[in-house]
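Just below is one structure, and these are the notes that go with it.
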Amino acid sequence: MTEYRIDDLARAAGTTTRNVRGYQDRGLLPRPTRRGRIAIYTDTHLARLKVINDLLHRGFTIRHIADFLLGVQRGDDLVDVLGIREVVTEPWSKARSETISAEALKSLLNSRNPSHYKRLEDFGLIEADGDDYVLRDRETVYAFGRLTKLGLTLSKILDVHGKVEKEMAAVASTLISAGRDVVESERGEGWVPSEGSESDWAAELIGEMRRTATISAHSALDRALDRDLAHQLDDYLRKATD
Numbered sequence: 001m002t003e004y005r006i007d008d009l010a011r012a013a014g015t016t017t018r019n020v021r022g023y024q025d026r027g028l029l030p031r032p033t034r035r036g037r038i039a040i041y042t043d044t045h046l047a048r049l050k051v052i053n054d055l056l057h058r059g060f061t062i063r064h065i066a067d068f069l070l071g072v073q074r075g076d077d078l079v080d081v082l083g084i085r086e087v088v089t090e091p092w093s094k095a096r097s098e099t100i101s102a103e104a105l106k107s108l109l110n111s112r113n114p115s116h117y118k119r120l121e122d123f124g125l126i127e128a129d130g131d132d133y134v135l136r137d138r139e140t141v142y143a144f145g146r147l148t149k150l151g152l153t154l155s156k157i158l159d160v161h162g163k164v165e166k167e168m169a170a171v172a173s174t175l176i177s178a179g180r181d182v183v184e185s186e187r188g189e190g191w192v193p194s195e196g197s198e199s200d201w202a203a204e205l206i207g208e209m210r211r212t213a214t215i216s217a218h219s220a221l222d223r224a225l226d227r228d229l230a231h232q233l234d235d236y237l238r239k240a241t242d
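Just so you know, full-length UniProt numbering puts 166 at position 166 of the sequence shown, and the rest follows in order with no gaps.
Rendered as structure tokens:
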């Protein structure tokens, strides 16, 4: 069995030594064996880290992962551990996560206002983890940071994000409801797969709906942004030259 020091383990798992220590402190990762003052990790630790990383990338929180690992160790049924929704359908969001210090986050977002961090948590963008923060959606949080560096206030950015979230919730409801209508019209209300071919059909339908919905929504948003940008630019320039 391969042995690792903490730096080597973190590198092999594609994470940081800070995260390794944080997972240990939260009970997500077994403690290493000690050889004098040296901590020794094994392939078991590496495999566990890869599971944690995969679940984080799928959108699960640290708390969910802790419940999952504890349940597996007890021998609980997987459906009871994760819940039927997580077993049947993996999260669509593929946002990358990252753990950074509270000071680093404050510097990134140019804000020390606790209400801002509460709103970010409510949006599911960050999660407090001891003295650190887990960025649940690294790209979005960093994008907010870039906007603050250009002079926008985080409060205004969060207001806009909240409006977009509300609009996207309506779009998602339309798309999911359409999929449900297809299943009910084809199979009847309350239908669940009872054999392999039916499960294959349901899985293929869900997969194609995801791809089509993503392409359709992204393309529609791009067209809408182009139209509105042109309209608002014309309006802005007309007022500027009056």
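By construction, the Cβ of each residue, glycine as well, lies at the ideal position given by its N, Cα and C atoms.
What you are looking at is a predicted structure, and each value in this text was computed from that prediction instead of being measured.
Where does residue i fall in DSSP's three states?
i	result
Arg37	coil
Ser111	coil
Leu152	coil
Asp132	strand
Glu3	strand
Thr99	strand
Thr16	coil
Glu189	coil
Ser42	In the sequence as presented, Ser is not what sits at residue 42; that position holds Thr. Of the three classes helix, strand and coil, the one that applies to Thr42 here is strand, per DSSP.
For residue i versus residue j, is the C-beta distance shorter than 9 Å?
i	j	result
Leu135	Leu125	yes
Ser111	Leu147	no
Asp137	Ile62	no
Ile206	Gly179	yes
Ala13	Lys50	yes
Leu109	Gly145	yes
Arg48	Pro30	yes
Glu167	Phe123	no
Thr174	Thr99	no
Arg18	Tyr41	no
Tyr133	Leu105	yes
Ser97	Leu56	yes
Work out the CA separation of residue j and residue i for me, nearest whole Å.
i	j	result
Ala102	Thr44	30 Å
Asp54	Ala66	14 Å
Glu184	Ile176	12 Å
Arg227	Thr212	22 Å
Ala230	Ala220	16 Å
Asp25	Ala170	40 Å
Tyr142	Glu186	44 Å
Ala224	Ala240	24 Å
Asp235	Gly190	51 Å
Taking buried to mean at least 16 other C-beta atoms within 10 Å of its own C-beta, is residue i buried or exposed?
i	result
Gly27	exposed
Val20	buried
Ser197	exposed
His218	exposed
Ile52	buried
Gly22	buried
Leu233	exposed
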